[in-house]
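See structure below.
Residue numbers (this note's numbering): 6 to 1023.
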């Protein structure tokens, strides 16, 4: 091998760089552990309030180190030896260079937000009332349910279908006052479309920046935020985020801040009482008494008008029967002359708002109050009551002062030490604020501070002449964390449109730690087996292969850390799978060396020729696997992209270590006079005299495969597959109980609440995976909360006595009973994922067909390879279809399953290409052989490699399946089936199909001739 010095240098440099890069990860973990210990020492109590304070203390501790110099390797003996000459780093730099863990390993949340393009279009049209425009908006929503185009494209298509003489540039749509100078009335629809596309894109970019600023201030390590094409979707990944509900509020809050003057209790309370009386009379009218009957407890209109607010409140409290008879609106009380015009139960909010805003009731308001707007106050924590406010709006409904004037916001405390948010306005805002507060002081009025249509506070103004300087404060009954988030949200600015969570994955930190533990266990077991197997089978040379394998693992982790890639649970599976297939290159090399030694060549010449002859097969096998992994990377999202990333990196590092590092070690040992047999006493001569007539058995194999394919197709068309929420939409929860529960009982209780729910055991018998399509079309946080609340109520009798809803969401006790993780996918996203998955599989088949066609120059080879792949995929799908109802683990068809299918395709092709390479070689070397003899000898000569690689890969997969995470068992089962079927198909399907298509006419002779010409040209 030439240039050994350069290769040694590169190997040493790559190894040192990997160790250096990983040292940041060790240091970051050490610092985070110290931060957690510090927070626990400050707040040792486990109550909910202390948990929140502990989280903030941990973040503050880490923030205090952001600019502190830290020596990488300090207090960590395994890496301190490599710390010579390394500069000091701040914690922020250490954190930035550390390996990122995905939320399935660290816990946290991964959400896809859909910025409402519909809201953006409404805003650009100044909220047009044009019927054609609004119908097109609604039609676009319907089109989106089965379309791959963006919402904007659907809107343009819907508008064009119904527009008639209406134009986008009409004054009632986009040629409005707000768009003067941008869109003129004489513009064509095509010209307007271009401008609108630009405006929408600008709004989405604005939303992206606003969300980025909010997330940067949230305090999680290694957040990830990225736009997803031009769909208006934004991906947020927050590994380590512990308060999931807080994150949801943070990213979906529009932050529409408004300041309004308010009406007083005495001005609006009579209107509320009047509606209440009307409801009483309507109820009485339905039950008109017969003549002579006495009517008790009827309050006349005259009486109701004379009732004071205090009397009604006292009456309600003293006689509960009156709530239904005399108080159908559910009035719980009124403010004391301030801005609160009513107090109601939280559960009655929708009913109350519907009644007080009916056109019939609002017609009774005085003319000067016709633009009055009712707004709810923010609900106090753990309170069942909520206050109602009435604000003074105008014809346009636009506030005199809005959040656009806010230049800064910060968390502080009010006069009675409650968490509050202080705001600073710009010069224009300060002037308006001074005038508003001056009027409020003069009229003894209040100013409501409204955020996203909720009144946070409505203070009175005691300062004569108004408040100058542009300072204002929001105080209320929110926690310290809520005040911090609110300040960050206001400082980042408002979103240009509403944002809905259309896809979400939540993983609790305890489940993440369990995933790390199980992943490492399976990793070590698989690694130990492979290391021992290589020594058992190849003797001393197996030790050199093991050294190369260990370096390979170091390089994989080093490259992941260097690239800033996110390590996920499927990513660990990808690394462990890489261990199984990375020895394949060494197996190919060692098998070829054994063949050369069997021919009587010297050890030195055998090593040289063995490496040279194996190179073609190694490259072809890894390129085909790499192509499928690349397609998975392009089409996959989240953890699946992590699986593809580690697989691609593993393929590249495996090639380097097997071809160069193993060669260096073997040459070094051989040049020192060491003897290598590339076998042991037990494996020497194994498979040497095997002479199976594979082609003679092909018809039997065709029959067996035909039966399996027909059974698979029959089951697929009748039973179908267990499609996960990735493909159909819905919500999924993983819940852990104290002890085993009856699936049927739980399913019955859930169906009573959700109408339909799927319940399966996942892993241990006390863990269930619950899926439901209840409110599947609703993406709001309110809908998420309602579904979770109903889930808790339905499961409450199976949970420990006294467990609260908060404990259920966070996981309680040492065993972490309760909700461990959850996922949500909207139907629109599910449709996109399904189509992307289909394109990924079909794309991989096309790419592989073309590669093999280019590489082997004959379509018969491509046909044989693709036929084997179709065969493998159909059988894997069929086995899943036949068995998913009976297996004790989840066999849902989701993105992870698609990753498994693509990996099976890559593995099957890997094996097939090695056989094809040997066929091509034998066609050139043994021109006198009959075609069928060439095929059979090729299959027999590669049998040792085929079985060796299959055994190591299978054992690795079985280790992960047995000891790995429960959530990966479906993926691993697919891979196990795929390896078994793929090994079979490379021997009995791919090669026989190529043979049967090539032997007709003179195709076989033509093939021989073509191979000979290619060799001569080379």
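Backbone N, C-alpha and C define an ideal beta-carbon position, used for all residues, glycine too.
Residue i versus residue j: straight-line alpha-carbon distance, rounded
i, j, result
"residue 855", "residue 836", "29 angstroms"
"residue 648", "residue 671", "32 angstroms"
"residue 310", "residue 112", "Residue confidence for residue 310 is low, a pLDDT of 38 falling below 50, so the modelled location carries little weight; the figure read from the coordinates is stated next. Going from the Cα of residue 310 to the Cα of residue 112 covers about 59 angstroms."
"residue 785", "residue 269", "32 angstroms"
"residue 878", "residue 711", "14 angstroms"
"residue 284", "residue 353", "15 angstroms"
"residue 978", "residue 690", "34 angstroms"
"residue 814", "residue 511", "11 angstroms"
"residue 349", "residue 460", "15 angstroms"
"residue 85", "residue 684", "Low confidence applies to residue 85: its pLDDT is 36, below 50, so where it sits in the model is not reliable, and the reading given next is rough at best. Taking the straight line joining both Cα atoms gives about 40 angstroms."
"residue 301", "residue 335", "Reliability of the predicted coordinates at residue 301 is poor, the pLDDT of 41 falling under 50, and the value obtained from them is presented with this limitation in mind. Taking the straight line joining both Cα atoms gives about 21 angstroms."
"residue 375", "residue 381", "18 angstroms"
"residue 23", "residue 674", "26 angstroms"
"residue 798", "residue 439", "50 angstroms"
"residue 633", "residue 910", "7 angstroms"
"residue 883", "residue 766", "22 angstroms"
"residue 404", "residue 258", "19 angstroms"
"residue 627", "residue 584", "14 angstroms"
"residue 411", "residue 427", "10 angstroms"
Three-way DSSP call (helix, strand, coil) for residue i in this model
i, result
"residue 538", "helix"
"residue 826", "strand"
"residue 746", "coil"
"residue 1001", "helix"
"residue 775", "strand"
"residue 173", "coil"
"residue 275", "helix"
"residue 99", "helix"
"residue 839", "helix"
"residue 738", "strand"
"residue 807", "coil"
"residue 105", "strand"
"residue 636", "helix"
"residue 453", "strand"
"residue 394", "strand"
"residue 852", "helix"
"residue 270", "helix"
"residue 677", "coil"
"residue 692", "coil"
Residues of its chain near residue i, where Cβ-Cβ distance is below 7 angstroms and the 5 sequence neighbours each way are ignored
i, result
"residue 631", "653, 656"
"residue 845", "636, 637, 640, 903, 907"
"residue 1027", "The requested residue 1027 does not occur in the structure, where the chain is confined to residues 6 to 1023."
"residue 696", "945"
"residue 496", "413, 414"
"residue 303", "With a pLDDT of only 33 at residue 303, under 50, the local geometry of the prediction cannot be trusted, and no value is derived from it."
Option in the options with minimal Cα separation from residue i
i, options, result
"residue 338", "288, 375, 277, 352", "277"
"residue 698", "376, 997, 609, 775", "997"
"residue 443", "913, 534, 430, 470", "470"
"residue 216", "238, 197, 196, 716", "238"
"residue 436", "462, 41, 400, 477", "477"
"residue 729", "29, 743, 762, 708", "762"
"residue 203", "141, 135, 342, 125", "125"
"residue 27", "891, 974, 564", "564"
"residue 150", "1000, 840, 973", "840"
"residue 252", "434, 506, 949, 720", "506"
Beta-carbon proximity list for residue i, same chain, < 6 angstroms, skipping 5 on both sides
i, result
"residue 651", "576, 579, 580"
"residue 305", "Low per-residue confidence applies at residue 305: pLDDT is 37, beneath 50, and the placement is therefore not dependable, though the value from the model is reported in the following sentence. Contacts found: none."
"residue 1088", "There is no way to answer for residue 1088, as the model of the chain reaches only from 6 to 1023."
Nonlocal neighbours in the same chain, by C-beta distance under 8 angstroms from residue i, ignoring five residues either side
i, result
"residue 41", "63"
Inset, instruction - Report yes or no: do three or more beta-carbon pairs, one from the region 721-738 and one from the region 821-830, lie closer than 8 angstroms? - result: Yes: the two stretches touch, three or more of their Cβ pairs being nearer than 8 angstroms.
Inset, instruction - Would you check if there are 3 or more beta carbon pairs closer than 8 angstroms linking the region 619-631 to the region 658-665? - result: Cβ pair count under 8 angstroms is three or more, so yes.
Inset, instruction - Decide yes or no for the touch test of the region 857-871 against the region 911-919: beta carbon pairs closer than 8 angstroms, at least 3 of them. - result: yes
Inset, instruction - Give a yes or no on contact between the region 391-405 and the region 449-466, applying the rule of three or more CB pairs nearer than 8 angstroms. - result: yes
Inset, instruction - Tell me, please, whether the region 703-721 touches the region 945-955 by the rule of three or more beta-carbon pairs shorter than 8 angstroms. - result: no
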